[in-house]
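S.K.:
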Amino acid sequence: MKPLPNRSDIKRYVLGFLFSPELSLVLLIKKNRPKWQRGKFNGIGGKIEPGETAPDAMRRECREETNVDVCDWRHFATLNTNMDGPEEVFCFYASTEEMLGAEQITDEELRFESAVAPHVDWMLYNVPWLIAAARMHKLRGQLKHYEVTEVF
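Residue numbering for the sequence shown follows our numbering, starting at 3 and increasing by one per position.
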(Lines of atoms letter the chains of each structure in order from A and count residues from 1; the text may use other names and numbers.)
(Lines give C-alpha, C1' and ligand atoms only; values in the text may rest on other atoms or scores of the structure.)
Protein backbone atom coordinates (compact mmCIF):
# COMPACT_ATOMS: atom_id res chain seq x y z
CA MET A 1 0.00 0.00 0.00
CA LYS A 2 1.14 3.55 -0.73
CA PRO A 3 1.16 6.30 1.89
CA LEU A 4 -2.33 7.73 2.19
CA PRO A 5 -3.19 11.20 0.88
CA ASN A 6 -2.99 13.78 3.65
CA ARG A 7 -6.65 14.81 3.96
CA SER A 8 -7.15 16.44 7.32
CA ASP A 9 -10.91 15.87 7.23
CA ILE A 10 -10.59 12.06 7.28
CA LYS A 11 -9.25 10.26 10.34
CA ARG A 12 -7.51 7.02 9.37
CA TYR A 13 -6.97 4.03 11.61
CA VAL A 14 -5.80 0.43 11.48
CA LEU A 15 -7.43 -2.50 13.26
CA GLY A 16 -5.79 -5.91 13.38
CA PHE A 17 -6.70 -9.38 14.53
CA LEU A 18 -3.73 -11.54 15.47
CA PHE A 19 -4.60 -15.25 15.26
CA SER A 20 -2.89 -18.45 16.27
CA PRO A 21 -1.65 -20.45 13.23
CA GLU A 22 -4.71 -22.72 13.22
CA LEU A 23 -7.03 -19.66 13.59
CA SER A 24 -8.57 -20.96 16.84
CA LEU A 25 -7.36 -18.10 19.08
CA VAL A 26 -7.35 -14.35 18.56
CA LEU A 27 -5.54 -11.72 20.65
CA LEU A 28 -7.78 -8.89 21.86
CA ILE A 29 -7.19 -5.74 23.92
CA LYS A 30 -9.47 -4.34 26.61
CA LYS A 31 -9.68 -0.70 25.60
CA ASN A 32 -9.31 2.23 27.99
CA ARG A 33 -9.44 4.78 25.17
CA PRO A 34 -11.30 6.24 23.40
CA LYS A 35 -14.14 6.73 25.85
CA TRP A 36 -16.76 4.99 23.69
CA GLN A 37 -14.60 1.81 23.65
CA ARG A 38 -13.70 1.86 27.36
CA GLY A 39 -14.12 -1.53 29.04
CA LYS A 40 -14.73 -3.43 25.78
CA PHE A 41 -12.39 -5.75 23.92
CA ASN A 42 -11.24 -4.87 20.41
CA GLY A 43 -8.46 -5.83 18.04
CA ILE A 44 -5.00 -4.27 18.00
CA GLY A 45 -4.77 -0.87 16.36
CA GLY A 46 -4.72 2.88 16.35
CA LYS A 47 -4.14 5.99 14.26
CA ILE A 48 -2.16 6.01 11.04
CA GLU A 49 0.60 8.59 11.34
CA PRO A 50 1.16 11.16 8.52
CA GLY A 51 3.19 9.64 5.67
CA GLU A 52 2.77 6.11 7.07
CA THR A 53 1.22 3.28 5.06
CA ALA A 54 -1.62 1.31 6.62
CA PRO A 55 0.44 -1.94 6.82
CA ASP A 56 3.33 -0.05 8.44
CA ALA A 57 0.92 1.48 10.96
CA MET A 58 -0.49 -1.98 11.72
CA ARG A 59 2.98 -3.38 12.33
CA ARG A 60 3.89 -0.44 14.59
CA GLU A 61 0.66 -0.61 16.59
CA CYS A 62 1.13 -4.35 17.17
CA ARG A 63 4.67 -3.79 18.46
CA GLU A 64 3.56 -0.91 20.69
CA GLU A 65 0.58 -2.76 22.18
CA THR A 66 1.81 -6.38 22.40
CA ASN A 67 5.60 -6.38 21.94
CA VAL A 68 5.13 -8.78 19.00
CA ASP A 69 6.63 -7.74 15.64
CA VAL A 70 4.48 -9.10 12.82
CA CYS A 71 5.37 -8.03 9.29
CA ASP A 72 2.87 -10.23 7.40
CA TRP A 73 -0.41 -8.37 8.02
CA ARG A 74 -3.09 -9.00 5.37
CA HIS A 75 -5.71 -6.38 4.55
CA PHE A 76 -9.22 -7.85 4.46
CA ALA A 77 -11.65 -4.93 4.78
CA THR A 78 -11.98 -1.16 4.90
CA LEU A 79 -14.66 0.36 7.11
CA ASN A 80 -15.95 3.85 6.31
CA THR A 81 -17.81 5.57 9.12
CA ASN A 82 -19.11 9.02 9.83
CA MET A 83 -20.01 8.64 13.50
CA ASP A 84 -17.46 11.17 14.77
CA GLY A 85 -16.57 12.83 11.49
CA PRO A 86 -15.34 10.92 8.43
CA GLU A 87 -13.13 7.94 9.29
CA GLU A 88 -11.52 5.05 7.45
CA VAL A 89 -10.49 1.92 9.31
CA PHE A 90 -8.19 -0.47 7.45
CA CYS A 91 -8.72 -3.97 8.85
CA PHE A 92 -5.94 -6.56 8.87
CA TYR A 93 -5.25 -10.06 10.12
CA ALA A 94 -2.16 -12.15 10.68
CA SER A 95 -1.55 -15.61 12.08
CA THR A 96 1.61 -16.63 13.89
CA GLU A 97 2.78 -18.69 16.85
CA GLU A 98 4.54 -15.56 18.10
CA MET A 99 1.15 -14.23 19.23
CA LEU A 100 1.39 -16.56 22.23
CA GLY A 101 4.38 -14.49 23.41
CA ALA A 102 2.39 -11.25 23.48
CA GLU A 103 2.79 -9.23 26.65
CA GLN A 104 0.90 -6.34 28.11
CA ILE A 105 3.13 -3.29 27.73
CA THR A 106 0.48 -0.57 27.95
CA ASP A 107 -2.28 0.05 30.48
CA GLU A 108 -4.67 -2.04 28.36
CA GLU A 109 -5.24 -5.72 29.21
CA LEU A 110 -4.53 -8.40 26.59
CA ARG A 111 -6.70 -11.52 26.29
CA PHE A 112 -6.50 -14.64 24.16
CA GLU A 113 -10.04 -15.44 23.05
CA SER A 114 -11.65 -18.21 21.05
CA ALA A 115 -11.84 -17.05 17.44
CA VAL A 116 -14.45 -19.71 16.70
CA ALA A 117 -16.94 -18.95 19.50
CA PRO A 118 -15.95 -15.62 21.09
CA HIS A 119 -17.69 -14.18 24.16
CA VAL A 120 -19.53 -11.40 22.37
CA ASP A 121 -21.01 -9.67 25.42
CA TRP A 122 -17.75 -7.94 26.37
CA MET A 123 -16.60 -7.03 22.86
CA LEU A 124 -17.31 -3.97 20.77
CA TYR A 125 -20.40 -4.59 18.65
CA ASN A 126 -18.54 -5.20 15.37
CA VAL A 127 -15.63 -7.30 16.66
CA PRO A 128 -17.29 -10.75 16.39
CA TRP A 129 -18.21 -10.32 12.73
CA LEU A 130 -14.82 -8.77 11.91
CA ILE A 131 -13.12 -11.81 13.50
CA ALA A 132 -15.36 -14.08 11.41
CA ALA A 133 -14.66 -12.06 8.24
CA ALA A 134 -10.90 -12.20 8.83
CA ARG A 135 -11.00 -15.97 9.40
CA MET A 136 -13.14 -16.45 6.28
CA HIS A 137 -10.76 -14.30 4.22
CA LYS A 138 -7.80 -16.37 5.41
CA LEU A 139 -9.60 -19.65 4.80
CA ARG A 140 -11.22 -19.07 1.43
CA GLY A 141 -12.06 -15.71 -0.04
CA GLN A 142 -11.89 -12.00 -0.48
CA LEU A 143 -14.00 -9.53 1.50
CA LYS A 144 -13.03 -5.95 0.85
CA HIS A 145 -15.32 -3.03 1.69
CA TYR A 146 -18.01 -2.32 4.29
CA GLU A 147 -19.98 0.88 4.77
CA VAL A 148 -20.90 1.37 8.44
CA THR A 149 -23.77 3.80 8.81
CA GLU A 150 -25.07 3.21 12.33
CA VAL A 151 -24.13 1.69 15.66
CA PHE A 152 -26.40 -0.90 17.23
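Beta carbons are placed, not taken as given, at the ideal position from N, Cα and C, and that holds for glycine.
Predicted model only: the values in this text are computed from it and were never measured.
Who pairs with E89 in a beta bridge, going by DSSP?
M.R.: One-based indexing of the sequence shown puts residue 89 at position 87. DSSP output for E89 lists K13, T83 as bridge partner(s).
S.K.: Could you tell me the alpha carbon to alpha carbon distance between R113 and R76, rounded to whole angstroms?
M.R.: Stepping through the sequence shown from its first residue, residue 113 is reached at position 111. Stepping through the sequence shown from its first residue, residue 76 is reached at position 74. When rounded, the distance between both Cα atoms is 21 Å.
S.K.: What does the alpha-carbon distance come out to for the pair I46 and C64?
M.R.: Taking the sequence shown and counting its residues from 1, the one referred to as residue 46 is at position 44. Taking the sequence shown and counting its residues from 1, the one referred to as residue 64 is at position 62. In a straight line, the C-alpha of I46 is about 6 Å away from that of C64.
S.K.: What separation, rounded to the nearest whole angstrom, lies between the Cα atoms of V122 and S116?
M.R.: Locating residue 122 in the sequence shown gives position 120, where the first residue counts as 1. Locating residue 116 in the sequence shown gives position 114, where the first residue counts as 1. Going from the Cα of V122 to the Cα of S116 covers about 10 Å.
S.K.: On the three-state DSSP scale, how would you describe A134?
M.R.: Within the sequence shown, numbered from 1, the residue matching residue 134 stands at position 132. Three-state DSSP puts A134 in a helix.
S.K.: For A96, which residues does DSSP report across the bridge?
M.R.: The residue given as residue 96 occupies position 94 in the sequence shown. A96 pairs with L20.
S.K.: Under 8 Å, with one C-beta from each stretch per pair, do the stretch 9 to 24 and the stretch 84 to 99 reach the 3-pair mark?
M.R.: Output reads yes: the stretch 84 to 99 touches the stretch 9 to 24.
S.K.: Determine the burial state of T83: buried for a count of at least 16 other Cβ atoms within 10 Å of its Cβ, exposed for fewer.
M.R.: Taking the first residue of the sequence shown as 1, we reach residue 83 at position 81. It counts as buried.
S.K.: Please classify L29 as buried or exposed, where buried requires at least 16 neighbouring CB atoms within 10 angstroms.
M.R.: By 1-based counting over the sequence shown, the position of residue 29 is 27. With 16 or more Cβ atoms within 10 Å of its Cβ, L29 is classed as buried.
S.K.: Excluding sequence positions up to five away, which residues of its chain have a Cβ less than 8 Å from the Cβ of P88?
M.R.: Looking up residue 88 in the sequence shown gives position 86. Closer than 8 Å at Cβ, skipping near neighbours: D11, I12, K13, N82.
S.K.: Under the rule that 16 or more other beta-carbon atoms within 10 Å means buried, what is A119, buried or exposed?
M.R.: As a position in the sequence shown, residue 119 is number 117, starting the count at 1. Exposed.
S.K.: For a test of the three-state rule: what should DSSP assign to G103, helix, strand or coil?
M.R.: Looking up residue 103 in the sequence shown gives position 101. It is helical.
S.K.: State yes or no: is the C-beta of N44 within less than 9 Å of the C-beta of M101?
M.R.: As a first step, residue 44 is located in the sequence shown; it is residue number 42 there, counting from the start. As a first step, residue 101 is located in the sequence shown; it is residue number 99 there, counting from the start. Not a contact, by the Cβ cut-off of 9 Å.
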